[in-house]
Amino acid sequence: MRGIRRKALQVTAHALSLTMLFGSFAPAPVYAEAMAAAGSSGGITEVAVDNPAYGRTTVLEVDGKPFWYNGMQVRIDKLREDPDYMVSDETLGKLFQQVADDGFTVVNSQIRWTDVQPNHVAVSSESAYVYGGDGADYAYKNSGGLKIQYDAMDESRQSLGYVKFRLEDMTQDQIDGAKIRFYNRNTLGQKRKLEVYALADDSWSMDTITWNNAPGHDGYKMKSDSTKLLTDSEDWDWIQGKNYYDFNISDYIKNDDWAQDRTVSFIIREASGDQNNPAVPITLGDVDDESIEGIDARPQLIYSDADEFDFSYLDQAIDFAKDAGLKLEVLWFGTDTCTISCDNRVPVHVQMNYQKTMKQEADGSRTPLFSKSGAASITGIYNYLMCKNDMNLRELEARAVKTVFDHIAERGDHVVIGCQVSNESGVGRLHGSKKTERCMCDTCTAKYKVLGVTNADFREITLWEYNNNIAKAVKTSGYPVWTRVNLDESADVKAVPYNEKMRNSAQGTYIDFIGIDHYRKTPAQLSAVGILGNQFAQGKNL
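Residue numbers are given in the working numbering: position 155 of the sequence shown equals residue 165, and the series is strictly consecutive.
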């Protein structure tokens, strides 16, 4: 165990080396109302503010008693999934025990939204491609991937891909979002555009399908009575490099009669626009490509149910801490983690239904914001900055968080003592680079105009409302604990002054305190953080 690389063990930086004694602030009216709704005069853990029994302004309490907070972060997600680690559950348990043996009292770990609402994945049951012209009677099956190509001058260089999936573990009325994911096997000299059509006929076989017997097409045209265009490569995500490419098919899978029997077929076609004579076909992974350079290249249909929860991952994390005699703090990784909405941290029904359409602006920028990682990335392929002012999205995330903490209450133990509601969240940029002054989607633009504030004030309001919404879900659950926000060092908000303003208002706040990861700081720099008047030493902020 000592030989395991240690970069996935990180000391959390909200003054973990300081004495942090836990409890609840003097409640604003809205907070007191929340505690009453939870059937308690106080939470499982609280931040006691100005309690005359203590010699400190803010004291952390667990079950009504002062608590020494001295913690270590264990990245369960990285330790399990990063090829540098790939540790077993047995080793994870030993790492938690090592944290306890080293004298820490708390361990905190990321719990991604997808850890409690996992996506379902159906790998293609059949796939094949067909060529016209000289190859019209030949069954190509899956010779070297799914080759898809349009050539306006030569029918022998026109091909279509066929893919079939069977959804055996969920009915149509259970599915709330879905996408098809293809892997492009070859680097293309130019960007190319694919179209995805639903196919009514599922009777084709990959062993016998040819251009001449394949259903749904008449030459390179699709038959309108047996196919439906579902989606195509968005302008911001045309096929070019070796990577995964996603296509939103939520409406079809959820609502169309053709999908009711849970066997669904699709035709994949290259758009017949400017690509008149491409040099090479687009080559997608096929049903046999379980591993291409370490990548699962098979076509996948990824889907999820908004009402389905699986707490096995969460329970195991809690049990790791419990068995080691530690307390656990949940680091919620939802729609904003490090100023990114990652596709492997957000369930597909959230990503597909609430991610705003990209718009290419005149200056070349894209709104909403977007970036893409490589196929081997463990933090997801698609990175967005989803809209924090989408009220339906806020409601959905709050519901998920509340369900998580209601489940923790049902366990009957008091191992969990806190929730970090977001990690290095932001409003106007993707992590690591400035993009815009704020989210520029239609929802945010309309709200910005109504508020009549500066961009800086808009960011403060937006980020506070986003975090407060999640914190409220924790506080009004059956297991209310302290809530905190962790800012990025170069955050586009100050956050603390606004939270203190709200704490002192009639509305109140559900956010107990706000901190920051103090990377690369000298002892002298760290010692100045708590000096009264600095960003994090204002009002009642711990």
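Where a beta carbon is used, it is the ideal one built from N, C-alpha and C, also for glycine.
Since residue i and residue j are thought to touch, with beta carbons under 8 Å apart, how far apart are those beta carbons, to the nearest angstrom?
i      : j      : result
Asp353 : Ile391 : 6 Å
Asn152 : Asp298 : 5 Å
Lys459 : Val116 : That belief does not hold up - the Cβ atoms of Lys459 and Val116 are roughly 44 Å apart, past 8 Å.
Ala188 : Ser260 : 5 Å
Trp214 : Tyr172 : 6 Å
Asn555 : Arg448 : The structure shown does not extend to residue 555, since the chain spans only 11 to 552, so no value can be given for it.
Gly549 : Glu510 : 3 Å
Ala9   : Tyr489 : Because residue 9 is not part of the residues shown, which for the chain are 11 to 552, the question remains open.
So what does DSSP say about residue i, is it helix, strand or coil?
i      : result
Pro76  : strand
Thr453 : helix
Met180 : coil
Asp325 : helix
Phe106 : helix
Arg191 : strand
Ala410 : helix
Ile305 : strand
Arg554 : One cannot answer for residue 554 here, as it falls past the ends of the chain, which runs 11 to 552.
Ser234 : coil
Thr101 : helix
Asn393 : strand
Arg376 : strand
Val69  : strand
Leu552 : coil
Ser51  : Since pLDDT at Ser51 reaches only 41, below the 50 mark, its modelled position is unreliable, and the value read off the structure follows with that caveat. Correct three-state label for Ser51: coil.
Ala138 : strand
Lys201 : coil
Ala58  : strand
Leu542 : coil
Phe114 : coil
Lys511 : helix
Tyr255 : strand
Tyr458 : helix
Ala143 : The sequence given here has Gly at residue 143, not Ala. Helix at Gly143.
Met368 : coil
Asp333 : helix
Phe175 : strand
Let's see if you can read the secondary structure: which residues bound the alpha helix (DSSP H) around residue i?
i      : result
Ile263 : Ser260 to Asn265
Arg469 : Asn465 to Lys485
His359 : Val358 to Tyr364
Trp123 : Trp123 to Val126
Residue j and residue i - do their beta-carbons sit closer together than 7 Å?
i      : j      : result
Ser387 : Pro357 : no
Cys429 : Val360 : no
Tyr193 : Tyr150 : no
Ile526 : Val495 : no
Phe319 : Gln517 : no
Ile190 : Leu341 : no
Gly453 : Asn399 : The amino acid occupying residue 453 in the given sequence is Thr; Gly does not appear at that position. Yes, these two residues count as a Cβ contact at 7 Å.
Leu156 : Leu379 : no
Asp502 : Ser432 : no
Ile263 : Ile158 : no
Phe175 : Val206 : no
Phe330 : Phe77  : no
Val425 : Ile480 : no
Asn477 : Ile541 : no
Lys201 : Trp246 : no
Pro170 : Val140 : The amino acid at residue 170 is misidentified as Pro; the sequence shows Leu. In this structure, Val140 lies closer than 7 Å to Leu170 by Cβ.
Glu136 : Met216 : yes
Ile6   : Val491 : Outside the displayed span of the chain (11 to 552) sits residue 6, for which this structure offers no information.
Ser282 : Tyr160 : yes
Ser134 : Pro309 : yes
Gln120 : Leu198 : no
Gly226 : Ser234 : no
What are the boundary residues of the beta strand (DSSP E) that includes residue i?
i      : result
Ser537 : Ser537 -> not in any beta strand (DSSP E); alpha helix (DSSP H) instead, spanning Pro533 to Ser537.
Val503 : First-last for Val503: undefined, no H or E at that position.
Leu89  : It is not in any beta strand (DSSP E) - Leu89 instead sits in the alpha helix (DSSP H) that spans Ile86 to Glu91.
Trp342 : Lys337 to Phe343
His130 : His130 to Val133
Gly525 : Phe523 to Ile526
Trp492 : Trp492 to Leu497
Glu205 : Leu204 to Leu209
Glu280 : Thr273 to Glu280
Ser515 : Segment: none, Ser515 is in no beta strand (DSSP E) and carries neither H nor E.
Asn433 : Val426 to Asn433
Thr293 : Ile292 to Leu294
Ser383 : Segment: none, Ser383 is in no beta strand (DSSP E) and carries neither H nor E.
Ile312 : Gln310 to Ser314
Lys151 : That residue, Lys151, is in no beta strand (DSSP E); it is neither H nor E in DSSP.
Ala157 : Before going on, a small fix: residue 157 reads as Lys here, not Ala. Leu156 to Ile158 is the span of the beta strand (DSSP E), which, as asked, contains Lys157.
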